[in-house]
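Notes follow the structure.
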Amino acid sequence: MATTLYLSNDTSARAAGADQLANAWAEECDLQLIRTSSRGAFFLEPLVECDGPAGRLLWPRATPGDLPRIRTGIGGVRLADVPFLAQQQRFVFSRFGQAEPLSLTQYRVQGGWQAADRAAGWSPETIIQEMKASGLRGRGGAAFPVWNKWDIARRTASDQKYVVANADEGDAGTYCDRMIMEGEPFRLIEGMLICAKAIGADCGYIYCRWEYPVAAGTMRVAIAEAERAGVLTVGGRPFRLEVFRGAGSYVCGEETALLSSLEGGRGMVKVRLPYPAVAGLYEKPTVVSNVLTLATVTEILSRGAAWHAALGTERSKGTVALQLGGRIRQPGLIEIPFGSTLREVLERFGGGMADGGRFKAVQVGGPLGSLFPESQLDIPVCFDAFTEAGAVLGHGGIVVFDEQTDMVELARHYMTFTAEESCGTCSPCRIGSVRSRELLERIERGHGTPADLELLADLGETMKVTSLCAHGARGPYPVLTAIEHFGPEFGNRLRNIDT
Amino acid sequence: MTERVRGALAVLLSAHRPEPGRRAHILSVLSAVQEAFGYVPADAVPLIADTLAVTEADVAGVLSYYPDLHTVPRGRHAVRVCLGEACVANRSTALLESLCHVVGADLGRTTSDGRFTIERVYCLGNCAVGPTVMVDEQIYGRVGSEDLRKTLKDYS
Chain A
1 MATTLYLSND TSARAAGADQ LANAWAEECD LQLIRTSSRG AFFLEPLVEC
51 DGPAGRLLWP RATPGDLPRI RTGIGGVRLA DVPFLAQQQR FVFSRFGQAE
101 PLSLTQYRVQ GGWQAADRAA GWSPETIIQE MKASGLRGRG GAAFPVWNKW
151 DIARRTASDQ KYVVANADEG DAGTYCDRMI MEGEPFRLIE GMLICAKAIG
201 ADCGYIYCRW EYPVAAGTMR VAIAEAERAG VLTVGGRPFR LEVFRGAGSY
251 VCGEETALLS SLEGGRGMVK VRLPYPAVAG LYEKPTVVSN VLTLATVTEI
301 LSRGAAWHAA LGTERSKGTV ALQLGGRIRQ PGLIEIPFGS TLREVLERFG
351 GGMADGGRFK AVQVGGPLGS LFPESQLDIP VCFDAFTEAG AVLGHGGIVV
401 FDEQTDMVEL ARHYMTFTAE ESCGTCSPCR IGSVRSRELL ERIERGHGTP
451 ADLELLADLG ETMKVTSLCA HGARGPYPVL TAIEHFGPEF GNRLRNIDT
Chain B
500 MTERVRGALA VLLSAHRPEP GRRAHILSVL SAVQEAFGYV PADAVPLIAD
550 TLAVTEADVA GVLSYYPDLH TVPRGRHAVR VCLGEACVAN RSTALLESLC
600 HVVGADLGRT TSDGRFTIER VYCLGNCAVG PTVMVDEQIY GRVGSEDLRK
650 TLKDYS
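In order, the protein sequences belong to chains A and B.
Here the first sequence stands for residues 1 to 499, numbered as in our numbering.
Here the second sequence stands for residues 500 to 655, numbered as in our numbering.
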């Protein structure tokens with residue numbers, strides 16, 4: 001009797017060895033191998049799954065030689081016995097790991113596309129009212145109320161409007177958008193169609209970073225499939241949707257720079273007003289929404305706004321998709337309601353430090369995020385608590401560093417990135433980041449002075465208050481929080497002036 | 500640029516000439532040139548500007564802005580080590596140093612046999628299975644120095 005096994009074709013599953021398994025088993029008789037999206041528990045990949053008499057069983061970190069065991073059901077674990085997965089409250093990511101990404105049929109059978117069908121029968125005002133009631137705030141990093149941005153575009157009269165999915169996902173440490181595009185591409189399309197109905201757009205773009213070639217390719221195939229199936233429509237009219245390939249600029253994740261790039265030019269940040277929702281792509285009303293935001297929209301229109309508003313905290317409604325990485329044993333994606341503390345997240349899901357290392361610091365929110373030492377982990381994961389603490393949740397990236405991390409070297413690394421990626425519009429960011437990098441390089445080489453540390457702080461403060469976008473405004477934070485919490489490491493590196 | 504390359508470039512560019520009254524999409528054109536030739540020759544800028552009816556400054560401005568647009572020929576295989584912080588936490592900086600040492604080329608340079616150009620990249624979205632290296636469009640995860648050495652043997 002044929003055995004059916006499930007194995008992910010997500011890029012990270014493949015990087016973990018999924019394709020080697022598939023190749024090793026390619027000539028096996030009575031074996032059907034179905035490639036699916038990934039559950040996002042990447043420390044378990046390559047993960048093989050099989051349906052047994054008592055339900056679904058998992059074989060984590062499978063090797064080619066495991067096949068006989070797997071066929072007879074020996075050694076598999078139940079989902080309920082994997083705390084990393086069992087302790088989450090998945091909604092947006094609830095179906096990940098179960099279906100073939102490019103099957104629209106499977107997507108529908110599992111409950112997908114219900115939101116788009118519902119939106120088709122609603123007025124734009126009703127859709128936006130539902131978004132308002134849900135309390136959804138953008139997941140790209142700015143956390144702006146989604147209903148508000150969409151409503152501005154809806155109310156702006158124009159012969160042409162655009163929906164743009166921000167699939168640049170530039171924050172290192174984040175990958176949930178990549179997972180969505182590779183694993184549930186139809187969900188992104190669905191979210192964009194709902195947005196298009198709400199604002200009155202008939203054309204959309206997915207601005208996808210070049211570093212995600214598989215995600216971009218998957219979206220293109222899904223778009224063609226949706227078109228073929230006759231569902232790529234808004235209000236009965238065809239919706240033109242294209243994937244646009246980025247060219248490696250981090251700042252192009254900022255919406256005005258993204259639009260500059262989408263128009264074919266340099267990714268320069270522009271002053272807002274006007275908001276892109278009023279005058280964006282080619283000066284037309286444009287909603288730029290993050291991939292995860294658009295995916296969450298489909299969940300809200302399926303389950304209802306009240307479901308979303310009942311989860312999370314007062315001003316951070318719903319669930320948050322945190323992407324764990326770095327020196328923990330269990331890197332992967334978790335979806336939980338807003339409100340748990342950072343410490344709870346790390347303790348419940350991190351699985352401890354890798355290779356017996358010791359926790360040193362965790363960065364939340366990508367390369368513009370603040371560093372948190374062990375003493376500062378009791379902060380609730382929600383937008384407002386982080387803002388009050390001078391930190392950002394960003395796109396949900398959480399990177400853990402161990403005791404082998406040299407904080408001076410790390411600070412210099414961050415500022416090098418800030419300087420390289422600066423678009424150049426604002427002098428304090430353009431020049432300040434370079435000068436800051438030079439100071440950190442001097443300190444790293446042992447030639448720094450106390451005056452250098454003071455100048456770093458001064459430059460940082462200037463960048464914070466004079467920058468047009470978060471790149472300059474948040475750029476100093478990794479360095480300044482490193483100095484704040486690991487001061488002696490910097491102090492001990494300064495050259496002895498008396499010698 | 501040789502005359503042959505210039506000719507091929509002119510043919511490619513003529514297909515990207517913007518419609519009357521429409522602004523040229525410089526980034527797409529440069530990406531198409533790089534796709535066809537492996538890089539954008541710096542001395543191609545005047546021809547590109549002329550065909551697209553924009554200034555050389557416009558073209559040079561876009562060409563210099565994006566890290567993934569290159570103005571020099573590269574090796575047959577781009578080897579990109581991820582320096583995003585999740586991979587850095589997992590020692591990718593040391594991996595990059597080791598790579599440069601093993602292949603005998605500095606960051607940004609091409610090996611003398613023309614096989615590899617060593618580059619860095621800031622995040623491939625493989626943060627949970629790092630440290631990450633991308634060779635051409637193939638992404639490798641949990642890469643150690645020895646793994647990388649063995650992997651590169653497969654590339655000619």
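From the three backbone atoms N, C-alpha and C, an ideal C-beta is built for every residue, glycine too.
C-beta neighbour in chain A for residue i, strict 8 Å
i               : result
H524 of chain B : yes
V587 of chain B : yes
V566 of chain B : Rather than Val, the amino acid found at residue 566 of chain B in this sequence is Pro. Cβ-Cβ to chain A under 8 Å: yes for P566 of chain B.
L512 of chain B : no
C599 of chain B : no
I638 of chain B : yes
E555 of chain B : no
S644 of chain B : no
Any chain B beta carbon closer than 8 Å to residue i
i               : result
E184 of chain A : no
P60 of chain A  : no
R245 of chain A : yes
P53 of chain A  : no
G365 of chain A : no
E169 of chain A : yes
A553 of chain A : Residue 553 of chain A is absent from the model: chain A starts at 1 and stops at 499.
S467 of chain A : no
L7 of chain A   : no
P145 of chain A : no
T499 of chain A : Because the pLDDT at T499 of chain A is just 49, under 50, the model does not fix this residue reliably, and the point stays unresolved.
V479 of chain A : no
L188 of chain A : no
T405 of chain A : yes
Under 8 Å by beta carbon: chain A residues contacting residue i
i               : result
T631 of chain B : A15
V544 of chain B : Within 8 Å Cβ-Cβ: nothing; V544 of chain B doesn't reach chain A, min ~15 Å.
Contact list for residue i against chain B, beta-carbon separation under 7 Å
i               : result
Y250 of chain A : Y621
F417 of chain A : Y621
V400 of chain A : A588
F42 of chain A  : A627, V628
P213 of chain A : E636
C-beta contact flag for residue i and residue j at 8 Å
i               : j               : result
N148 of chain A : V291 of chain A : no
T63 of chain A  : Q32 of chain A  : no
G76 of chain A  : L57 of chain A  : yes
L514 of chain A : C203 of chain A : No statement about residue 514 of chain A is possible, as the shown extent of chain A runs from 1 to 499 and does not include it.
V400 of chain A : I328 of chain A : yes
I547 of chain B : V571 of chain B : no
A593 of chain B : G326 of chain A : no
G112 of chain A : E28 of chain A  : no
R61 of chain A  : L79 of chain A  : no
P46 of chain A  : G73 of chain A  : no
W210 of chain A : A247 of chain A : yes
Contacts of residue i in chain B (Cβ-Cβ under 8 Å)
i               : result
Q503 of chain A : There is simply no residue 503 of chain A to check, as chain A begins at 1 and stops at 499 in what is shown.
R327 of chain A : A588, N589
E45 of chain A  : V628
Cross-strand partners of residue i (DSSP beta bridge)
i               : result
H576 of chain B : B:F615
E49 of chain A  : A:Y6, A:L58
D402 of chain A : A:F359
Q533 of chain B : Bridge partners of Q533 of chain B: none, in fact.
E242 of chain A : A:Y205
Under 7 Å from the C-beta of residue i: neighbouring residues of chain A
i               : result
E703 of chain B : This structure cannot speak to residue 703 of chain B, because chain B is shown only from 500 to 655.
G560 of chain B : R266
Interface partners of residue i on chain B, CB under 9 Å
i               : result
H413 of chain A : L582, E584, V587, T592
T63 of chain A  : Those within 9 Å of T63 of chain A in chain B number zero; the least Cβ separation is about 14 Å.
Under 9 Å from the C-beta of residue i: neighbouring residues of chain A
i               : result
A641 of chain B : Strictly speaking, residue 641 of chain B in this sequence is Arg, with Ala absent from that position. By Cβ distance, chain A contributes A15, A16, G17.
S530 of chain B : W210, R245, A247
Cross-chain neighbours of residue i in chain C, by beta carbon under 7 Å
i               : result
S261 of chain A : The chain labelled as chain C is not found among the protein chains of the depicted structure, namely A and B.
Sufficient close CB pairs (3 or more, under 8 Å) joining the stretch 525–543 of chain B to the stretch 558–572 of chain B: yes
Contact between the stretch 242–262 of chain A and the stretch 119–133 of chain A (3+ Cβ pairs under 8 Å): no
Any 3 or more C-beta pairs closer than 8 Å across the stretch 169–182 of chain A and the stretch 275–287 of chain A: no
At least three beta-carbon pairs within less than 8 Å, the stretch 581–593 of chain B to the stretch 616–631 of chain B: yes
Touching by the beta-carbon criterion (3+ pairs, under 8 Å), the stretch 586–605 of chain B and the stretch 225–238 of chain A: no
contact_flag[the stretch 423–434 of chain A, the stretch 505–514 of chain B] where n(CB pairs < 8 Å) is 3 or more: no
contact_flag[the stretch 387–404 of chain A, the stretch 200–220 of chain A] where n(CB pairs < 8 Å) is 3 or more: no
Cβ pair count under 8 Å reaching 3, the stretch 466–478 of chain A against the stretch 440–447 of chain A: no
Any 3 or more C-beta pairs closer than 8 Å across the stretch 455–466 of chain A and the stretch 514–529 of chain B: no
contact_flag[the stretch 152–163 of chain A, the stretch 348–356 of chain A] where n(CB pairs < 8 Å) is 3 or more: no
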